[in-house]
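Report on the structure given below.
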Amino acid sequence: MGENAHSLAAIGQPDGIISALFFERLPRVSGLQIGLLAAALIVALTVSVAIFSPRRFIRGFMRPLLWALYRKEVIGLENLPTEGGYVVGSNHVSWIDGILILWMLPKNIRFLVDAENFDNAITRYLGAGFDVILMKSNPKSIGRALKTAREGLKAGDSIGIFPEGTISRTGQLQAFKPGVQKILKGTDAPIVPVWLDGMWGSAFSYSGGKLFWKWPTMLRRRLTLYIGKPLPGDTPLEMVRSQVQQLGARATIEHRDAFPALARRVIRTWRKKGRLLQCADSLGTEVNARDMLVRVLVLRRLLRREVLSKDEQYVGILLPPSVAGVAANVALALDRRISANLNYTVSSDVMNHCIGEANIKHVLTSEKFLSKLDLQLDAEIVLLDSFAQKVTIMDKLIGFVQGRLLPTFLLDRILGLHKVDKDDLLTIIFTSGSTGMPKGVMLSQANISHNVDAIERAIKLNIHDVVMGILPFFHSFGYAVTLWAVNTLGPAGVYHFNPLDSRQIGKLTKKYKATVLLGTPTFLRSYLRRVEPQQFKTLDVVVVGAEKMPRDLFDAFEERFGVRPVEGYGTTELSPLVSVNIPPTRSNAKFQIDRHEGSVGRPLPGISTKIVSTDDGSELAAGEDGMLLVTGPNVMKGYANQEELTGKAIQDGWYVTGDIANVDDQGFLHITGRLSRFSKIGGEMVPHVTIEDELARLYADGDASDNDDDEGQRVCVTAVPDVKKGERLIVLFKPPAQDYDKVRAALNKAGLPNLFIPSADSFLEVEKIPLLGTGKLDIKGAQTVALEHFGSKS
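Number 92 in UniProt numbering belongs to position 92 of the sequence shown; there are no gaps in the numbering.
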């Protein structure tokens, strides 16, 4: 009765009448049923959108997924044209670059893509969702795709293209293909250079030498898209490439905190290698990686207790390439001190100049090594070989616990390495002094750490390599590569103090099965005469620099030892390596052109170069000779105590190298000489190196003496002042004497202009060509010899 009364009462109300009329007789529906019905409707709606609007469906699905995986930032969005179509030209280091650029840009971009990557139903559906223009590798398909893109541009669409035509296997920017120019032909559309930064190292890149099959290295990877100013559609291809490369350098400079402190890197590398050989030298010392870490930690502790005051920043090192030299440098880095490896081939006056410039109070050396040098130094000498008796049991115990047992993050905290900033000074390296007194080049943590990372990408040094370390640590290449790259990338290092001691280097290479050799052409020529082929049979990477490599030396070295050298280029002020040809055994030649003999290679990842006129500073086109400028995270902090000189050397972030060079249409850098190695004769610039190369070839062809004492450069060209012509070319050469008229006739036959051919009375026989301790030509010394003999002609 109560229930009926409630029902009747409800019918009496308006809401109750509606309920009774429409719902009272329907079956009851549970919450589960309602949920299933809603799910079915959502699935039906999703399937409908997926079928009839794949673009909206895929992009709606991808946005939250990409947001969960990546953090994005766009710089230069204001550079995108607001009206009409345009072409976006980007670098290409990962498989999903196109998707990421679409996600990061506000306007839809239609990308030209390789149809071979969309050869099944799923990928074709994805392609439709992203509205891509498919292009097969046959001329008909390419022509059709380019026509579609061009018509889209005229209709106001924006087109995306990766001008390299392939994913870079090293992160180096490859040559740009002409397809972008064909798209722009007949349109008024501009091309917008962009650089996508942050994808190298991901599973979608070729870092580590493979695509996909590797663990992700970080969560929510930071991506930055740099957008440059639009360029006219008829801009030369190499100029477009230069603008993209400059955006890449800017990105790497701004994200240089991605390169960890070298001391932290070396701790983790040595821990990981454990019992594997890390360092050996010609003194008979051999140390595995974990023992090396303990030794260095103990040395750091002793230096703090016995020698260095708390506030002493700069410490000199006077040691050859050796296990002790490595230990001293790493110990100072672990203690956050600034090392300065001193050049032991110079006089006391020059070395004391360096000591004063760096404000050095202590110099670390060994009694055995110091006894071979006749030096009087303006600093306190610390003999490391006397430290052994000062090591206590507690020192050993603490070193063992720190080196073997403590987690690396905790060891970082104890040593204070977490406080090391990317821009903190790591070392001062003094220039060779080839044109005057050495200058102290201040290099930061990021300078060297970036160079190490770039070397790993290009040359692919790994745990299976053994590097023959013959370059001194006062040489920037020796410091960055044979010291830091070797001890942070996994190879073992085998060290010898004399790069011209060919026989000992041959023995060490054979004993330790060395795979990598770094040197100069002067050193390689010496090895040709004294090293047996079987001693170098394990070498598969030979990189040379410091001077131009003669063509005959490439052939002779490969014929004798079975490995063809490659050239690289760098300067102390650039930390040092700028560019390198990829060695054949580390090459990806199947997919990209990564070396060009006669060049010094393409710039390393994160580094940009440009060639400018020596007259007005305007950027020059491909193939034109001019001044080489370099920018990137490798540019030095400056010269110690020389702000004015620093200001002249670094202009708007670009280091003015003083080298004359050109860039070809494939992006390879060619060094044609130094500005200081040109003579202005009769108003024309005459390159000394061009004349030297021909003379060296002539002397090599005519030398049947097999002179076993020939350890270096045979001939060099310098100049002395001349009142009538401005300068007079002088040739210094080593015995045997030559018929100067025949030499001049041969130079003429080789095609050199008359202005390039020295007069018959301008040849001077010398016992030795002046060389620096690094094997480079002593430009100042050569000119001094010429001036002493010829003076200035009136």
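In this text, a Cβ means the ideal position worked out from N, Cα and C, and glycines have one as well.
| task | Tell me whether E73 sits in a helix, a strand or coil according to DSSP, three-state version. | result | Here residue 73 refers to the residue found at position 73 when the sequence shown is read from its first residue. Three-state DSSP puts E73 in a strand.
| Do V326 and L483 have their C-beta atoms closer together than 8 angstroms? | Here residue 326 is taken as the residue at index 326 of the sequence shown, counted from 1. Here residue 483 is taken as the residue at index 483 of the sequence shown, counted from 1. Yes; because the gap between Cβ atoms is below 8 angstroms, this pair is in contact.
| DSSP state of I779, grouped into three classes? | Sequence index remark: in the sequence shown, residue 779 carries index 779 (1-based). DSSP places I779 in helix when its eight states are reduced to three.
| query | Apart from the five residues just before and just after K368, which ones in its own chain have a Cβ nearer than 8 angstroms to its Cβ? | reply | For the purposes of this step, residue 368 is taken as residue 368 along the sequence shown, with counting starting at 1. Answer for K368: D385, listed in chain order.
| Coil, strand or helix - L517 by DSSP | Translated into the one-based positions of the sequence shown, residue 517 becomes position 517. In the structure shown, L517 sits in a strand (DSSP, three-state: E or B).
| task | Label P232 either buried or exposed according to how many other C-beta atoms from any shown protein chain fall within 10 Å of its C-beta, with 16 as the threshold for buried. | result | Position 232 of the sequence shown, counted from the start, is the residue given in the question as residue 232. So P232 counts as exposed.
| field | Reduced DSSP category for W95 - H, G, I as helix; E, B as strand; rest coil | value | Locating residue 95 in the sequence shown gives position 95, counting from the first residue. The answer is coil: DSSP assigns W95 none of H, G, I, E or B.
| query | Which partner residues does R728 have in the DSSP bridge list? | reply | Here the question's residue 728 lines up with position 728 in the sequence shown. Per DSSP, V720.
| field | Beta-carbon proximity list for A492, same chain, < 8 angstroms, skipping 5 on both sides | value | As a first step, residue 492 is located in the sequence shown; it is residue number 492 there, counting from the start. L276, L277, Q278, C279, A280, D465, V466, V467, V486 and Y512.
| DSSP three-state assignment for D114, whether helix, strand or coil | In the sequence shown, counting from the first residue as 1, residue 114 sits at position 114. Three-state DSSP puts D114 in a strand.
| request: Give the DSSP bridge partners of C279, in chain order. | output: Position 279 of the sequence shown holds residue 279. Answer is V287 and G493, bridged to C279.
| said: Run through the DSSP bridge pairs and tell me what Y569 is partnered with. | reply: Position 569 of the sequence shown, counted from the first residue, corresponds to residue 569. In the DSSP output, where bridge partners are listed per residue, Y569 has S579.
| message | For a quick check, are the C-beta atoms of M394 and A640 less than 8 angstroms apart? | response | Looking up residue 394 in the sequence shown gives position 394. Looking up residue 640 in the sequence shown gives position 640. Cβ atoms of M394 and A640: not closer than 8 angstroms.
| Can you list, in chain order, the residues of its chain whose CB lies under 6 angstroms from that of R256, leaving out five sequence neighbours each side? | Reading the sequence shown from its first residue, position 256 is the one you call residue 256. Cβ within range, chain order: K422, A446 and P633.
| field | Segments of 3+ residues assigned as beta strand (DSSP E) that fall wholly inside the stretch 290 to 367 | value | 314 to 317, 338 to 341 and 362 to 365
| field | K507 - partner residues in DSSP beta bridges | value | Against the sequence shown, residue 507 aligns to sequence position 507. Paired residues: none, contrary to the question.
| As assigned by DSSP and simplified to three states, the class of E767 | What you label residue 767 is simply residue 767 of the sequence shown in a count that begins at 1. Correct three-state label for E767: coil.
| What are the start and end residues of the alpha helix (DSSP H) that includes W270? | For the purposes of this step, residue 270 is taken as the residue at position 270 of the sequence shown. Per DSSP, W270 belongs to the alpha helix (DSSP H) from L262 to K273.
| With distances taken from CA atoms, which of R413, D501, N343 and L377 is nearest S432? | In the sequence shown, the residue the question calls residue 432 occupies position 432. Here the closest residue by C-alpha is N343.
| message | DSSP has residue 805 in a bridge; who is on the other side? | response | With the chain running from 1 to 794 in the structure shown, residue 805 is simply not present.
| request: May I have the straight-line CA-CA distance separating D776 from P533, to the nearest angstrom? | output: In the sequence shown, the residue the question calls residue 776 occupies position 776. In the sequence shown, the residue the question calls residue 533 occupies position 533. Here the sequence assigns Lys to residue 776, which means Asp is not the residue at that position. Between K776 and P533, the C-alpha separation is close to 26 angstroms.
| query | What does K439 pair with, by DSSP beta-bridge criteria? | reply | Taking the sequence shown and counting its residues from 1, one reaches residue 439 at position 439. Looking at the DSSP assignment, K439 forms no beta bridge with any residue, so it has no partner.
| said: Measuring alpha carbon to alpha carbon, tell me which residue in I470, S205 and V516 is nearest P499. | reply: Along the sequence shown, read from residue 1 onward, the residue named residue 499 stands at position 499. The shortest Cα separation from P499 among I470, S205 and V516 belongs to I470.
| message | Applying the 10 Å Cβ sphere with the 16-neighbour rule, what's the burial state of P14? | response | If you number the sequence shown from 1, residue 14 lands on position 14. Caution applies to P14, whose pLDDT of 48 falls short of 50 and renders its modelled position unreliable; the value that the coordinates give is listed next. P14 is exposed by the Cβ-count criterion.
| How would you label F561, buried or exposed, when you count the other beta carbons within 10 angstroms and need 16 or more for buried? | The residue given as residue 561 occupies position 561 in the sequence shown. Buried, since its Cβ has 16 or more Cβ neighbours within 10 Å.
| request: Tell me, please, whether the stretch 514 to 522 touches the stretch 539 to 551 by the rule of three or more beta-carbon pairs shorter than 8 angstroms. | output: yes
| query | Is the stretch 641 to 656 in contact with the stretch 588 to 603, if contact means three or more CB pairs nearer than 8 angstroms? | reply | no
| query | What span of residues does the beta strand (DSSP E) with T609 cover, start to end? | reply | By one-based count along the sequence shown, residue 609 stands at place 609. Per DSSP, T609 belongs to the beta strand (DSSP E) from S608 to V612.
| request: Whole angstroms is fine: what's the gap from Y479's alpha carbon to R71's? | output: Start at 1 with the first residue of the sequence shown, and residue 479 comes out as number 479. Start at 1 with the first residue of the sequence shown, and residue 71 comes out as number 71. Between Y479 and R71, the C-alpha separation is close to 36 angstroms.
| Proximity winner among D665, Y655, F733 and P753, relative to A175 (alpha-carbon distances) | Mapped onto the sequence shown, residue 175 falls at position 175. Nearest option by C-alpha distance: D665.
| field | Beta-bridge pairing of V715 - partner residues as DSSP gives them | value | Here residue 715 refers to the residue found at position 715 when the sequence shown is read from its first residue. For V715, which the question treats as bridged, DSSP gives the partners F733.
| query | In three-state DSSP terms, what is G156? | reply | By one-based count along the sequence shown, residue 156 stands at place 156. Residue state, collapsed to three classes: coil.
| task | Give me the Cα-Cα distance between P770 and L764, rounded to the nearest whole angstrom. | result | Stepping through the sequence shown from its first residue, residue 770 is reached at position 770. Stepping through the sequence shown from its first residue, residue 764 is reached at position 764. If I take the Cα positions, the gap works out to 13 angstroms.
| said: Less than 6 angstroms between C-beta atoms, sequence neighbours within five positions excluded: which residues of the same chain meet that for F111? | reply: The residue given as residue 111 occupies position 111 in the sequence shown. Closer than 6 angstroms at Cβ, skipping near neighbours: G98, V132 and G160.
| field | Cα-Cα separation between E558 and P565, rounded to whole angstroms | value | By one-based count along the sequence shown, residue 558 stands at place 558. By one-based count along the sequence shown, residue 565 stands at place 565. Straight-line Cα distance between these residues: approximately 7 angstroms.
| field | Residue(s) in a DSSP beta bridge with I470 | value | Here the question's residue 470 lines up with position 470 in the sequence shown. DSSP lists no partner for I470.
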